[in-house]
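Chains as they are written, first to last, in my numbering: chain A, 18 to 484; chain B, 324 to 539.
Glycine included, C-beta positions come from ideal geometry on N, C-alpha and C.
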């Protein structure tokens, strides 16, 4: 594994220096968005409140104005009714004898005065002066009426006309003038309030404009920040993905190399066993044979020789089996199909499982890596079927097409739950097949046997012939 | 007496030496050449024209079976004995198809080697007894599994005679001479045998005979 240690990491690991930066950026963004939201909410509420206040003020001003106008009209009307009554009494050319008339006039006077008093209290000084003037005038008129009542008929006839023309009529005109003045004042006030409201509205507009600008600017900044954040995340993700893919490739490469190394190791071990141990034992056996001939009729000697021979033969058998298990020489001598047939017979001979090989036009000269791969896959599958699934029958089918070799191993064993069980042997098969660009599928269900299918392309199969 | 001239081919020098020792104990046998791989064996068979070539299967460059094929297809008239560590019919059938007449297991080589060399030199066949045993066992197991009958019982006594002679390596003409029959009759019998036993070729017929212990 020394080769792995020397292998430097080729993708930059950005986590240590980039993580805190990202976290900081994320905090800033969260703060920014939160701030912007609060700003918008506050200013929206403020604008609404201001608008409502403006509306309320306008409404109350309007009401006040209407009220004043109404009261003023009442004042003018009742004053003129009162004045008319007084005039009527004075022009009747004799003092009023009936107390009812006097009472009515006085009643009118009271009404007029109370109308003046009913004027809304919230008034300017100027208005108050005018109102006081009006009130005083009304009181004076009442005085005139009271004094006229005390006149004797001559006096009455002589002065009544004069009082009407000199006092009552000018006074009535004065009433109207004062009322007009008050009304003008009133109008002015409404106008002023309107102007104030306009000003307030203008201020609000200005505030909102400023706010909009701030929101736009900060929103833009946030958008830029977010874009940077996202781009950085994306870049990081891409790098991480690349790293992952790289790691996976490395892993695959490693396991492929492991498989290769295993195969090479097996081959050399097998060769070693066959060449060195096998040869030595063969020689031993030959010498034993010669020794037996030399000994002739020596019974005891022959017995010993026979014992040596038996042990040596058993050892030869063992060594041969070991060598074949490691690397079936049939693959080299006879080709894939014959090797598989040999293997099938070996298993059938030594176990309860019958293995049958069916092959359709499979050539003897397949690339070595392909043969080894298929052989090992079949070996593993048959081994599983025999050992774990306790299958009675296993059928191995081989087919060669123009582009690929297909192999299927089907057994009638106990099967397994393919979703849960994933033995190391199955993984090994997958690894071998994938390495040569092939595909493998494993179909199994408890109680329904197992079918393993593999397909290996002919063209991609690299001939990694290791001697 | 004319000695049987022998070519030895094995990639292991020591084994070759051992084989030579065994062979040269017999006055009628002589080793005329040694090859250390299949290709050299083919070349030496061409140039030395030995009577018998003893070939190891597991040899570099060209394995024993392929070398045997080239040698028997050549015009040297050399008969081949194969030394193998495999007692499996795949190997035996392959060897038979390559024209091999003698098939020896390496671990029993010593005792059978000389018999095998003498047999093939006379155009007969020789198979290690252990081989016949394994072949028969496989055959019986297969019959049992497939539920088929042993078709040997279908053969007439005459057909059995002919089967043995053909498997031993006799030509139709020789068989006809031995049994006092016409060549045509022998041919008819032979094809009947092939049909009854569901065999396709002479090597398969020989394998069958070995399996049944008809020849050894």
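Worksheet entry | In DSSP terms, what residue 498(A) is bridged to | Chain A is shown only over 18 to 484; residue 498(A) falls outside these bounds and no answer can be derived.
Discussion item. Can you look up residue 39(A) in the DSSP assignment and give me helix, strand or coil?
Written reply: helix
Discussion item. So if I threshold CB-CB distances at 9 Å, which residues from the stretch 298 to 311 of chain A count as touching chain B?
Written reply: 298, 299, 300, 302, 303, 304, 305, 306, 307, 309 and 310
Item to complete: Provide the residue span of the beta strand (DSSP E) that contains residue 328(B), from first to last.
Response: 327 to 332
Worksheet item: From what residue to what residue does the alpha helix (DSSP H) around residue 360(B) run?
Response: Looking at the DSSP string, residue 360(B) is not in any alpha helix (DSSP H), and its letter there is neither H nor E.
Worksheet item: Just by C-beta distance, which residues in the stretch 394 to 422 of chain B are closer than 8 Å to chain A?
Response: 408, 409, 411, 412, 413, 414 and 417
Item to complete: Flag residue 386(B) as yes if its beta-carbon sits less than 8 Å from any beta-carbon of chain A, otherwise no.
Response: yes
Worksheet item: Do we get a CB-CB distance below 8 Å when we pair residue 291(A) with the residues of chain B?
Response: yes
Worksheet entry | Under 9 Å from the C-beta of residue 461(B): neighbouring residues of chain A | 362, 365 and 366
Practice prompt. Grab me the residues of residue 75(A)'s own chain with a C-beta within less than 7 Å of its C-beta, minus the 5 sequence neighbours each way, in chain order.
Written response: 214
Item to complete: Give, in chain order, every unbroken run of the alpha helix (DSSP H) that is at least 4 residues long and sits entirely within the stretch 464 to 503 of chain B.
Response: 480 to 490 and 495 to 502
Practice prompt. Drop a sphere of 10 angstroms on the beta-carbon of residue 201(A), count the other beta-carbons inside from all chains shown, and report buried for 16 or more, exposed for fewer.
Written response: exposed
Discussion item. Rounded to the nearest angstrom, what separates residue 331(B) and residue 525(B) at their Cα positions?
Written reply: 26 Å
Discussion item. Please list the terminal residues of the continuous beta strand (DSSP E) segment that includes residue 458(A).
Written reply: 456 to 461
Worksheet item: Which residue comes first and which comes last in the beta strand (DSSP E) that contains residue 376(A)?
Response: 371 to 377
Practice prompt. With distances taken Cα to Cα, identify the nearest neighbour of residue 173(A) among 106(A), 427(A), 333(A) and 280(A).
Written response: 106(A)
Worksheet item: Counting only runs that start and end within the stretch 346 to 423 of chain B, where is the beta strand (DSSP E) found for 3 or more residues in a row?
Response: 352 to 358, 375 to 379 and 402 to 407
Discussion item. Suppose you measure from the CA of residue 249(A) to the CA of residue 42(A); what does that come to, to the nearest Å?
Written reply: 10 Å
Item to complete: For the beta strand (DSSP E) holding residue 301(A), just list the boundary residues, first then last.
Response: First-last for residue 301(A): 296 to 312, but that is the alpha helix (DSSP H), not the beta strand (DSSP E).
Practice prompt. Ignore the nearest five residues each way along the sequence and tell me which others in residue 417(B)'s own chain have a CB closer than 7 Å to its CB.
Written response: 388
Worksheet item: Using CA coordinates, which residue listed in 535(B), 365(B) and 466(B) is at the minimum distance from residue 486(B)?
Response: 535(B)
Worksheet item: Do you know whose CA, among 473(A), 145(A), 141(A) and 452(A), lies nearest residue 415(A)'s CA?
Response: 473(A)
Worksheet item: Looking at C-alpha atoms only, which residue of 471(B), 403(B), 380(B) and 478(B) is the closest neighbour of residue 514(B)?
Response: 478(B)
Discussion item. Using C-beta distances below 6 Å, list every residue in its chain close to residue 5(A), excluding the 5 sequence neighbours before and after it, in chain order.
Written reply: Residue 5(A) falls outside the range modelled here, since chain A spans only 18 to 484, and no answer is possible.
Worksheet item: Do three or more CB pairs link the stretch 498 to 508 of chain B to the stretch 450 to 469 of chain B at distances below 8 Å?
Response: no
Worksheet item: In chain order, what residues of the same chain lie with their CB nearer than 6 Å to the CB of residue 447(A), ignoring the 5 residues before and after it?
Response: 457
Worksheet item: Does residue 488(B) have its Cβ less than 8 Å from a Cβ in chain A?
Response: no
Worksheet entry | Nearest to residue 451(B) (by Cα), restricted to the options 326(B), 538(B) and 353(B) | 538(B)
Item to complete: Determine which residues share a DSSP beta bridge with residue 426(B) and list them.
Response: 405(B) and 450(B)
Worksheet item: Is it true that the CB of residue 446(B) sits closer than 8 Å to the CB of residue 540(B)?
Response: Here chain B comprises residues numbered 324 to 539, so residue 540(B) is not present and cannot be evaluated.
Discussion item. Strictly under 8 Å for the Cβ-Cβ distance: is residue 320(A) near chain B by that measure?
Written reply: no
Practice prompt. Give every residue of the same chain whose Cβ lies closer than 6 Å to the Cβ of residue 340(B), excluding the five residues on either side of it in the sequence, and list them in chain order.
Written response: none
Worksheet item: Between 137(A), 112(A), 141(A) and 100(A), which lies nearest to residue 122(A) when the distance is taken from Cα to Cα?
Response: 100(A)
Discussion item. Could you give the first and the last residue of the continuous alpha helix (DSSP H) run that contains residue 182(A)?
Written reply: Unbroken run through residue 182(A): none, as it is neither H nor E.
Item to complete: Return the first residue and the last residue of the alpha helix (DSSP H) that residue 433(A) is part of.
Response: Looking at the DSSP string, residue 433(A) is not in any alpha helix (DSSP H), and its letter there is neither H nor E.
Worksheet item: Under a three-way DSSP split, which group does residue 415(A) fall into?
Response: strand
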